[in-house]
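Chains as they are written, first to last, in my numbering: chain A, 1 to 570; chain B, 1001 to 1097. Don't be surprised by glycine CBs; every beta carbon is placed ideally from N, CA and C. Computed from a predicted model, the values in this text were never measured in an experiment. Everything below concerns the one structure shown next.
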Amino acid sequence: MNTLTGVGSTPLSGVGTARWYRPDADLTLPDRPDPSAVDPAAEQTEFAAARDDAREAIRRARDRAAARVGADEAAVFEAHEQFLDDPGLVADIEAAIADGTPAAHAVHDRFADAIDRFEAMEGPMADRADDLRDVRDRVLSALLEGDADAAGGSVAAFPDGTVVVAERLTPSDTAELDPDAVAGIVTAAGGRTAHAAIIARSLSIPAVVGVGDELDDVPDGATVLVDGEAGRVVVDPDEERRATVGDDEPPVVSAPVSTTDGRPIEVAANVGSEAELDPARARGADGIGLFRTEFLFLDRDAPPSEDEQYAAVTAALEAFPGERVVVRTLDIGGDKPVSYLDLPTEPNPFLGTRGIRLSLSTHADPFETQLRAMLRAAAHEHGDSLAVMIPMVTRVEEVEAVLETVDAVAADLEAEGVAHAVPALGAMIETPAAAAMADALAARLDFLSIGTNDLTQYVMAADRENDAVAGYHDPLHPAVVRTIDRTTTAAADADAWVGVCGEMAGDPALTELLVGLGVDELSMSAVTVPSVKARVRDVDAAAATRLAAEAVACETRADVRAAVGLDGDD
Amino acid sequence: MERTVVVVPEAGLHARPASTLVQTANRFDADVSIGRADDDETVSAASMLSVSGLNVAHGETVRVVAEGPDAADALAAVCSLLTTELDEEAGDGGETE
């Protein structure tokens, strides 16, 4: 038994068989034999068989993606199959084999030509080069190892009970993982807030990241226990240790929950891609309290079409029929590389043109497209429960501009005869300015959603990413508690509902405080939904209200922490 | 026979539209080729490498040439595809994070 230490990124445990994922590892070709030593007829047969294997592997990947994620994600595999069967490419490879090149070398060389050609082009063509590499590696794996599923880029092909071990995982690798098959993830690099870690959390896959180079010593096939709570990886765990897996997980409750005195609290999930919808449902989420739309815009060369956005939103509505789905409009700024948006370079993007400021600026066209998709989705058969929220609001004028744009988009759709409806509209409360104006915002909108991560950052003037001021970054500072209180009070006065969609919402230790402050909805990583639902059912709303009043009266962080039953300053 | 059309899909002849075009072209007993209208050269519409290698964007004008027993049907099907935005089911096949 050998224990490695990293950072727990999904607070779940799992045990399984380690399988290294090395997407960058080049399959090593044997030395080129003399052409006279090659039997072209035998090589042609091998090539044909390898293509058949690769085709089957691609189809399996396509079916998995279609079942798990949807037609959009599966489409890329159709293109892979077409590359595999490209008549020109196949003819070139067969010609090279006929000239005395072994099949593997012929595949390698001719694909290299095509990959080089695509890489030399600009725009979306560079992605095609990656697709070609995937296809090439499948054929080469079939030729060299007799297994087309073994190729890099087929992360979805791991057998049940796999612990994926990798130097790092990209967000798309992670999104492709099958949460039912993958028992855990361990990476050498990466941190808890890396995008892949967030996706793993959303998929409820136990994960430990940032283990470091020691991970290299874990061999393929080893039994590995991933303890995402403690941030530990145990190689060859003993029976006693293995028996602890899953002990700490509360049962999933699918039904809505209320406090002991009958106040309903919606416990919803934050999701950042369509792949996370089913896992959220499986964890008993009452709906989606934050559907981030950034995934539709990042890692590509052109903005997503209205239809693509419509499809993503309606997928969420269909995953949670009759339950609320809150979609956040594009929330990015100068810190994100989005080539086609021509984002400004700013010395401090978190105090710059981001969120609604960007949407209302020179980039109004993508915003209108997004609103068109939302208004169309609101007319979907489950569209009644759609809500749209605006990030980074600071001014009433911004909300008024959004309302005007919504009216204009509705009028356009009406004139075009396109089915549409206006969804519930809300603002995120992430800035002190928005909290100060919460009464005026709530009067114009249906709801407010408090983003406690950014709210804490802006109220405390402490960068989320700066460890030197980590002590400031706690929502239990009285300044933050009072800001939340001010917001919930203003929302209640205006008959708007109010939610919380930051990390704070997913911490069961803070559930009573938030209920007492008057929050109607808590939205969090799906993985924490069961424990928060369990906590809500133990809370007495009247007692929670007294607790909140006590916390609001506190003047120091230590006092707030003591009031909610936590130890002093960490 | 041949026709000249303006490419309507927002994604141009990339990703999903290219894939659908190749599928369609392969369905008919006809040799279908495609190229830019202002360029004499055309490439086989049955080749995903060649079609996506053209790097044709939304709004460009392309020439479609079809020969063989099903040439008329193939030409009609391919041109209809090039002049129709994909429905929302199909999306544009763009990579998401």
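_Selected residue, minimal CA-CA separation from A/THR489, among A/ALA534, A/ALA549, A/ARG535_ = A/ALA549
_To the nearest angstrom, how far is the alpha carbon of A/GLU400 from that of A/ARG136?_
53 Å
_Length of the line joining the Cα atoms of A/ALA75 and A/GLU81_ = Each residue's Cα considered, the two are about 10 Å apart.
*What's the gap between the Cα of A/GLY153 and the Cα of A/PHE77?*
Note that A/GLY153 has pLDDT 49, beneath the 50 cutoff, so the model's placement of it is unreliable and no number is given.
*Interface residues of chain A facing B/MET1001 [CB-CB closer than 8 Å]*: Near B/MET1001 there are no residues of chain A at all, since even the closest Cβ is about 22 Å away, more than 8 Å.
*Secondary structure at A/PRO321, three-state DSSP: helix, strand or coil?*
A/PRO321: coil per DSSP, three-state reduction.
*Span of the beta strand (DSSP E) holding A/SER36?*
First-last for A/SER36: undefined, no H or E at that position.
*asked:* Here's a check: name, in chain order, each residue in its chain whose Cβ is nearer than 8 Å to the Cβ of A/SER204, leaving out the five neighbours to either side.
replied: For A/SER204, the CB contacts under 8 Å within the same chain, skipping 5 residues up- and downstream, are THR10, LEU12, PRO179, PRO279, ALA282, ARG283, ALA526, VAL527 in chain order.
*asked:* Extract the residue ranges of the beta strand (DSSP E) inside the stretch 225-255 of chain A, only unbroken runs of 3 or more that lie entirely within it.
replied: 232-235
*Tell me, please, whether the CB atom of A/ALA151 is closer than 9 Å to any CB atom in chain B?*
Bear in mind that a pLDDT of 47 at A/ALA151, under 50, signals an unreliable position, so the number given afterwards is only what the model happens to contain. A/ALA151 does not count as touching chain B.
_Where B/ARG1016 meets chain A, residues with beta-carbon distance less than 7 Å_ = In chain order: ALA75.
_Assuming B/SER1033 is part of the beta strand (DSSP E), what are its boundary residues?_
1031-1036
*Whose Cβ in chain A lies nearer than 8 Å to the Cβ of B/VAL1022?*
Chain A residues near B/VAL1022: GLN82.
_Cα-Cα separation, A/VAL338 to A/GLU416_ = 31 Å
*For A/ILE93 versus A/ALA106, is the C-beta distance shorter than 9 Å?*
yes
*When Cβ atoms are compared, which residues of the stretch 1037-1056 of chain B fall closer than 8 Å to chain A?*
Using a CB distance below 8 Å, the part of the stretch 1037-1056 of chain B facing chain A consists of SER1044, ALA1046, SER1047, MET1048, LEU1049, SER1050, SER1052, GLY1053, ASN1055, ordered along the chain.
*asked:* Buried or exposed for A/GLU430, going by 16 or more other Cβ atoms inside 10 Å?
replied: buried
_I'd like to check one pair, A/THR487 with A/ILE450: are the Cβ atoms closer than 9 Å?_
yes
*Is A/ASN2 helix, strand or coil by DSSP?*
strand
*Are the stretch 340-349 of chain A and the stretch 371-391 of chain A touching, with three or more C-beta to C-beta distances below 8 Å?*
no
*Straight-line CA distance for B/SER1019 to A/ARG110?*
Annotation: B/SER1019 to A/ARG110 spans about 21 Å, alpha carbon to alpha carbon.
*asked:* Measuring CB atoms only, is the stretch 1025-1035 of chain B touching the stretch 1070-1078 of chain B, in the sense that at least three cross pairs come out at less than 8 Å?
replied: yes
*Check the Cβ of B/GLU1010 against every Cβ in chain A and list those closer than 7 Å, keeping chain order.*
SER305
*Nearest-angstrom Cα distance between A/SER385 and A/LEU317?*
Rounded to the nearest whole angstrom, the CA to CA distance from A/SER385 to A/LEU317 is 8 Å.
*Quick one: measure Cβ to Cβ for A/ALA491 and A/TRP497, integer angstroms, because I've assumed they're closer than 8 Å.*
7 Å
_Neighbour flag for A/GLY383 against chain B, beta carbons, 9 Å_ = no
_Strictly under 9 Å for the Cβ-Cβ distance: is A/PHE118 near chain B by that measure?_
yes
*Would you list the one or two residues that DSSP bridges to A/TYR572?*
Nothing can be reported for residue 572 of chain A, as the shown portion of chain A is limited to 1 through 570.
*In chain A, what lies closer than 7 Å to B/SER1019 by C-beta?*
ALA75, GLU78, ALA79, GLN82
*Excluding the five sequence neighbours on either side, which residues of its own chain have a C-beta within less than 7 Å of the C-beta of A/GLY322, listed in chain order?*
HIS382, SER385
*Can you give, in chain order, each stretch of the alpha helix (DSSP H) that sits fully within the stretch 502-546 of chain A and has at least 4 residues?*
511-517, 529-536
*asked:* To the nearest angstrom, how far is the alpha carbon of B/VAL1101 from that of A/LEU29?
replied: Any property of residue 1101 of chain B remains undetermined from this structure, which presents chain B solely from 1001 to 1097.
_Partner residues on chain B for A/LEU89, Cβ-Cβ distance less than 7 Å_ = Within 7 Å of the CB of A/LEU89, the CB atoms of chain B belong to LEU1049, in sequence order along the chain.
*If you run the structure through DSSP and keep just helix, strand and coil, what is A/ARG557?*
helix
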